[in-house]
Amino acid sequence: MSESTTEQVLRVDAYPTHEVGGYRVRAGKPFPFGANVVPGGVSFSVFSDQATSMTLVIYKRGEAEPMAELEFPEEFRTGSVFAMTVFGLDHENIEYGYRADGPYDPVTGHRFDARQVLSDPYARLISGRDVWGVEPDRSRGYQYRSRVCLQDFDWGDDTPLRIPAEDLVVYETHVRGFTRHPSSGVTAPGTFAGLREKIPYLKELGINCIELLPVFEFDESDNPRSNPETGEKLYDYWGYNTVAFFAPKAGYAATGRYGMQGDEFRTLIKDLHAAGIEVILDVVFNHTAEGNEQGPTISFKGLDNATYYMLTPEGYYFNFSGTGNTVNCNHPVVRNFVLDCLRHWVADYHIDGFRFDLAAILGRSADGTPLPNPPLLESLAFDPVLRHTKLIAEAWDAGGLYEVGNFPAYGRWAEWNGKYRDTVRSFLKGDPGVTGELATRVAGSPDLYSSRGTSASVNFLTAHDGFSLADLVSYNDKHNEANGEGNNDGGNDNASWNCGAEGPTDDPEINALRLRQMKNALAILFTSQGIPMLLSGDEVARTQQGNNNTYCQDNELSWFDWDQVDQNSELLRFTREMIAFRKHHRELRSTSHPTGQMRDSLGLPDISWHGERAWQPDWSQESRLLAVARCGTGDDDVVYVAMNAHWESHDLELPALPGGRTWHLFADTSAEAPYDIRTPGAEQELDNAGKYLIGPRSVVILVGRTNEPGTTGTF
Amino acid sequence: MTLHVKERRNKGGTVLVATGEINSETSGQLLQALLPLVREGRSLRIDLTAVTYVSSAGLRTLLVVYREAQHAGVAVTLYGVSEEVRFVMSATGFLDFFAAGEAEAANAKARAAR
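Heads up: the protein sequence lines correspond to chains E and W, in order. To convert, note that position 35 of the first sequence is 35 in this note's numbering; the numbers rise steadily by one, no gaps. Basically this note's numbering = 1-based index in the second sequence + 1000.
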C-alpha cells in the first residue's frame, strides 16, 4: 500500500505514438464513448456507422474559431468507432466537437455535412447556454459545445435510497420554477442550489420522492414565439427538447457559468437523499431538439441520422412524438445509448428512478410498428445497474398508441395512470355513471395491473401538462392565449369544473366550494392504492390562470409563489396531514390489490364498499356517493373513506366495527378549518357511533380503532 | 492566470498563502506545495484571501488535500475565502467538508477576541 493516495499510476499507454495537426496523440480506447481524462491527456471516442472520416475539433473555451482540427487517422478506427487520445490538453479550458464526413443523401437517410461541428452525444458537460435566458449569439458556428467533465465526486456514504415503490409519495416539480419566484427567498433563485435550500419545506410536507421535469441540457431560447398580448419572449420552459442526454442543464445551476453544474446537481441529490427524499428524472428519449428536415443539425443528425431516427421509406422523419422527429429507440446502437445514459445518471448522479416521456414510442420498431416484446424496454427492466431503479412510463404517445394497463412491463415498469386522473376528475365534477370505475381506480386499478400489483399505478390528478389543481376547480375551459397559438394548443378534454364562475371571483360560496373540491381531490388521491403523485404547488393552490400548457411560460404563470405558503396555509396543512395519514396506514399502501377476502383477525374484508347504507354501495347511473373501508394489512385500524360528489348531503350508516373499535373522525372536507382534518392518531371519536352526515361535495375519512394509543403503523 | 504560493511557519502551524486562480493549470502546483506540508504533520491553514477563482479541478484539489490531511491526522482549514468562491463552494457541496474546520477556527478567533 502506498502512503499517499494521490500518486500517479504509471501506464505504458500514457505516451503519444503519432502527431496530428501539431498535437501528440495515440489511438484511444473505443470504450467508454465520450471524452475521458486519461494519464497525460484526454481520450475521445465517437461512433458513426457511415462516416467516411471524422475530425476532432477543439476550441479554447469560449472562442469563436477552433484552435485545432485533428482528423482521426484511419488506424484509430475500431469497427465504426473513432477513438483518439490527445496529449497535453488543458481539459478544463477546452470545448470540443466533431466534423463527420460522409454521404448526403436524405432518401437513404444520410445527412452528413462536414461543414457542421457536432456535439458529442456522450458529452457530460455542455457550454453555450450557461446562464438561463441569456440571448445566445446565434452567428457562432457551434452552439452547444461539448466539454470534458471531471466525474469524481465525494458522495460519502450516499446511495440511491430504494424506498419501496408502494411507500412513495411523489412530488412533480420544475427545477427553475420551484424557486425562481422572488418570494422564494433563496440565495440563488431558480437553480439546483435554490432547490436545495427548500429541502426543509419538502420534508415538512412529507413527500419522499421528487420528480424533476427534464434536467438534461436543452435550449430554453429555441422557442421563436412571443406572447401576443405583451410581446414578451416565450421560452422552451419545460425543457422536453433535449440537446445533450448526459449533461445536466447549465442554466439550472448557479455555478453553470463556471461549468460546475454537475457538482451542484450532485450536491442537491446528496442532500435530498439525506432528507429521505428520492430523485426521479423525467427523461425524454422519444425525440430530440433536432426536429425534422427543417430543424437544426446538432449531433445525431450529422453523426448518423439513419441510425438514430425513425425514417420513412422516402427519408423523412416519422413524427410519433408530435415534435418533428422520433428517436429510433429499438435500434441496437440507440438501445445501448439509452442504457449507457441511464446507467450514467444512476452511477454518477445517484438517481433513484426515471419517468419516461411518451414511453409508448420506446416500444416501437424502426418503422413505427409497436413491438410485442420491445428489446429496449426489456433491457432497461433487467439491466444490472438499473435493477432497483424506479421505471415509470408515460404509456402513450402522440402517434395514437395508448398502452395504459398493457405497457410491456417485465414486472418492473410502473405507469402514469391516465385513467385514474380521468375517472377521479370526472367523479369530482359530479358526472353521472362514474361510481363503479371510481371504485376500481381507488383500489389501485386491478383491471389494469392485476399481475403487477398496486405500485404499477402512479395515481395523479394533475401534472405539469394540464391544469393545476386550483385551475381544475376554477376553469371550465383552457385559456392559453399567452402561448401565442390562438388558444389552439393544449388539451381540450380537461374534465374540469369552475364551480360557478370562470376564473377568479369574489363570490365567497364559490371560493369555499373550490377549496373544498381541492381538499376532496387530495383526500381521494392520498387514500387511493397505488403511488400518489402531487403536482408542485397544488398544496398551496398554485394557479396558471387557466393556462393548461405552460411549456413556454417562464414567469409567474409557472413559478411556485412562496407567498401562497402563508396565504393558503389551510390547504397546505390539509395536504400535509393527508400525506401523514397515508404514512400511518399501511392498508392504503398494500403491494397487492385488495380482494374483498375476509381478514380472520378482524372479521372484516380487506376492502368493502358502502353507500348511504352500510354494505350497500349504489352503483347506479345517478349515484355520486361511494364509501370504501379498508383494513388488515399489518395494521389493526379500519380506514373508511366516503366520497360524495353529489350536490346534496347524505346520511351515512357506518359499518359496525369488531373488537371494541369505534369510529373516529380524521377528516371532513365540509367542516371549517381547523376541524377539516386532524393529526393522524389524534382523531376525534364520533358521538353517534353508527351514523355520519356527509355534506354536499365532500369527503369524510374515519378511522375505526380502539382508544388505546400506539396501534397505528408507520413507514 | 497563474498561481503564487508562499508558506509561512508559525508557532501553531503552517500557513500557505495562495495568490491567483486555482484551476486545472495551477492545481498541480498547489498540490505539490501542499502535500509535503501535510506530511510534516503540523496543522495547516490555507489562506485564500488573494484567490479570485477556484475551478472544478481546483475544488477537487483542495478536497484531495483535505482527505490526505484527514488520513494523516492533520487539521486543515481554509481562510479568507471570498464571497464568490464561498458561494461556489457552498453550491457544489465542497464547503461542507471544510465547514467543521472553519467553525473551529471561528470559535478560536472568538475566544481570542474575548
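The beta carbon of each residue, even a glycine, is placed where N, CA and C say it ideally should be. This structure is a prediction, so every number in the text was calculated from the model and none was measured.
Check	Outcome
Cβ distance (whole Å) where Asn459 of chain E is taken to contact Pro532 of chain E below 8 Å	5 Å
Cross-chain neighbours of Glu92 of chain E in chain W, by beta carbon under 7 Å	Asn1023, Ser1024, Ser1055, Ser1056, Ala1057
Short Cβ contact (8 Å threshold) for Gln529 of chain E with Leu588 of chain E	yes
Span separating the alpha-carbon of Leu534 of chain E from that of Ala580 of chain E	14 Å
Beta carbon proximity, Gly1093 of chain W to chain E, threshold 8 Å	yes
Assumed close pair Ala673 of chain E, Glu570 of chain E - CB separation to whole angstroms, cut-off 8 Å	5 Å
Residues that Leu1063 of chain W contacts on chain E, provided the C-beta gap is smaller than 7 Å	Asp154
Continuous beta strand (DSSP E) stretch holding Val722 of chain E: start and end	Not covered by the structure: residue 722 of chain E. The range shown for chain E is 1 to 715.
Range of the contiguous beta strand (DSSP E) that encloses Gly91 of chain E	The sequence given here places His at residue 91 of chain E; Gly does not occur at that position. Run containing His91 of chain E: none; DSSP gives neither H nor E here.
Cross-chain neighbours of Arg1008 of chain W in chain E, by beta carbon under 9 Å	By Cβ distance, chain E contributes nothing, its closest Cβ being about 24 Å from Arg1008 of chain W, past 9 Å.
Reduced DSSP category for Thr389 of chain E - H, G, I as helix; E, B as strand; rest coil	coil
Bounding residues of the alpha helix (DSSP H) (the contiguous stretch that carries Ser569 of chain E)	569 to 584
Beta-carbon contacts of Trp345 of chain E that lie in its chain and below 7 Å, excluding the five residues immediately before and after	Leu281, Ile351
Beta-ladder partner(s) of Tyr317 of chain E, from DSSP	E:Leu311
Segments of 4+ residues assigned as alpha helix (DSSP H) that fall wholly inside the region 371 to 435 of chain E	375 to 382, 418 to 428
Inter-stretch contact at 8 Å, needing at least 3 Cβ pairs: the region 617 to 629 of chain E / the region 433 to 443 of chain E	yes
Minimum Cβ-Cβ distance from Glu95 of chain E to chain W less than 8 Å	no
Amino acids of chain W, ordered along the chain, whose beta-carbon sits closer than 8 Å to that of Lys270 of chain E	Gly1093
Limits of the unbroken alpha helix (DSSP H) element including Ala1118 of chain W	Within the shown structure, residues of chain W are numbered from 1001 to 1114, placing residue 1118 of chain W beyond reach of any answer.
Interface partners of Ala1060 of chain W on chain E, CB under 8 Å	The sequence as given places Arg at residue 1060 of chain W; Ala does not occur at that position. Neighbours of Arg1060 of chain W on chain E, chain order: Leu150, Asp152.
DSSP three-state assignment for Lys1006 of chain W, whether helix, strand or coil	strand
Expected contact under 8 Å - CB spacing of Phe467 of chain E and Asn548 of chain E to nearest Å	5 Å
Chain-ordered chain W contacts of Met260 of chain E [CB-CB under 7 Å]	Ser1056, Val1088, Thr1092
For Gly1058 of chain W and Ala783 of chain E, the rounded distance between their alpha carbons	This structure does not reach residue 783 of chain E, given that chain E is present from 1 up to 715, and the question cannot be answered.
Separation of Gln116 of chain E from Phe300 of chain E, as counted between CA atoms	12 Å
Trp609 of chain E - DSSP class collapsed to helix/strand/coil	strand
Limits of the alpha helix (DSSP H) - the one that Met518 of chain E falls within	508 to 527
Close beta carbons around Glu331 of chain E, own chain, < 8 Å, minus the five adjacent residues each side	It should be noted that the sequence gives His, not Glu, for residue 331 of chain E. If we look at His331 of chain E and ignore the five residues flanking it on each side, its Cβ neighbours are Thr307, Tyr308, Ala366.
Nearest to Ile694 of chain E (by Cα), restricted to the options E:Phe218, E:Asp236, E:Leu654	E:Leu654
Rounded C-alpha distance that separates Tyr449 of chain E from Leu401 of chain E	18 Å
Contact with chain W by Asp158 of chain E, beta-carbon distance below 8 Å	no
Beta carbon proximity, Ala247 of chain E to chain W, threshold 8 Å	no
Test item: CB-CB of Gly141 of chain E and Ser119 of chain E under 8 Å	no
Below-8 Å beta-carbon distance, Ala274 of chain E vs any chain W residue	no
Alpha-carbon spacing of Gly611 of chain E relative to Pro617 of chain E, whole angstroms	4 Å
For Glu437 of chain E, the three-state DSSP class (helix, strand or coil)	helix
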